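K.L.:
This is the structure, below, for whatever I ask next.
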């Protein structure tokens with residue numbers, strides 16, 4: 101049985117998937133915490149712990165999506181899968197969590213997020229460090 105090939109997803113498709121995930125996962129979390137738990141946006145602005153908790157919950161939810169289906173809602177909309185580049189299969193939970201942490205850290209220096217424009221394989225720094233790749237199934 102031949103192994104199914106895949107190609108690295110285009111940068112713009114990955115960006116669209118990220119925006120979709122923000123709207124479907126992060127925005128509802130912010131709304132729930134802001135208005136149902138804290139009561140107002142001013143309370144959220146004053147509470148850095150709540151903001152950190154929202155992003156931790158977001159990381160856990162997206163990691164769970166990646167572990168179960170190798171796709172978040174945004175990745176599914178763009179037909180992208182996240183794989184472990186060593187095995188070609190779904191990445192494990194801790195690798196995905198590490199990927200999120202590396203994404204946050206590489207975002208601080210911007211170079212980590214822009215490196216994909218200068219690499220032939222189009223992978224970001226967080227993908228290189230965690231040996232993962234967002235791919236499209238090859239027809």
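Numbering (my numbering), first residue to last: 101 to 239.
Where is the CB? At the ideal position from N, CA and C, for every residue including glycine.
Bear in mind the structure is a predicted one, so any value in this text is a computation, not a measurement.
(1) How is residue 107 classed by DSSP in three states: helix, strand or coil?
(2) For residue 158, report the span of its alpha helix (DSSP H) as first-last.
(3) Can you find the residues in the same chain that come closer than 6 angstroms, C-beta to C-beta, to residue 234, ignoring five residues on each side of it along the sequence?
(4) Taking 8 angstroms as the threshold, find out whether the region 163-175 comes into contact with the region 203-210 through three or more Cβ pairs.
(5) Determine the burial state of residue 163: buried for a count of at least 16 other Cβ atoms within 10 Å of its Cβ, exposed for fewer.
(6) Count the other C-beta atoms from every protein chain shown that fall within 10 angstroms of the C-beta of residue 175, then say buried if there are 16 or more, exposed otherwise.
(7) Would you say the beta carbon of residue 162 comes nearer than 6 angstroms to a heavy atom of the ligand ZN?
(8) Touching or not, the region 124-137 and the region 149-161, by the rule of three or more beta carbon pairs under 8 angstroms?
(9) Is residue 236 helix, strand or coil by DSSP?
(10) Could you tell me if residue 217 is buried or exposed, where buried requires 16 or more neighbouring beta carbons within 10 angstroms of its beta carbon?
(11) Is it the case that the Cβ atoms of residue 231 and residue 186 are separated by a distance below 7 angstroms?
(12) I believe residue 105 touches residue 220 by the beta-carbon criterion, under 8 angstroms. Please report the beta-carbon distance rounded to the nearest angstrom.
(13) In angstroms, rounded to a whole number, what distance separates the CA positions of residue 223 and residue 107?
(14) Would you say residue 230 lies against chain C (beta-carbon separation less than 7 angstroms)?
P.N.:
Per the coordinate set shown:
(1) In the three-state DSSP reduction, residue 107 falls in the strand class (E or B).
(2) Element bounds for residue 158: 148-169.
(3) Closer than 6 angstroms at the Cβ level, and outside the excluded window around residue 234, lie 109, 114, 180, 182.
(4) At 8 angstroms Cβ cutoff, the stretches do not touch.
(5) The residue is buried, with at least 16 neighbouring Cβ atoms inside 10 Å.
(6) With a threshold of 16 other beta carbon atoms within 10 Å, residue 175 meets it and is buried.
(7) Questions concerning the ligand ZN fall outside what the structure shown contains, since it holds no ligand whatsoever.
(8) The region 124-137 is in contact with the region 149-161.
(9) Of the three classes helix, strand and coil, the one that applies to residue 236 here is strand, per DSSP.
(10) It counts as exposed.
(11) Going by C-beta atoms, residue 231 is nearer than 7 angstroms to residue 186.
(12) The Cβ separation is near 17 angstroms, so there is no contact.
(13) Going from the Cα of residue 223 to the Cα of residue 107 covers about 11 angstroms.
(14) Checking the listed chains, one finds no chain C in this structure; it contains a single protein chain.
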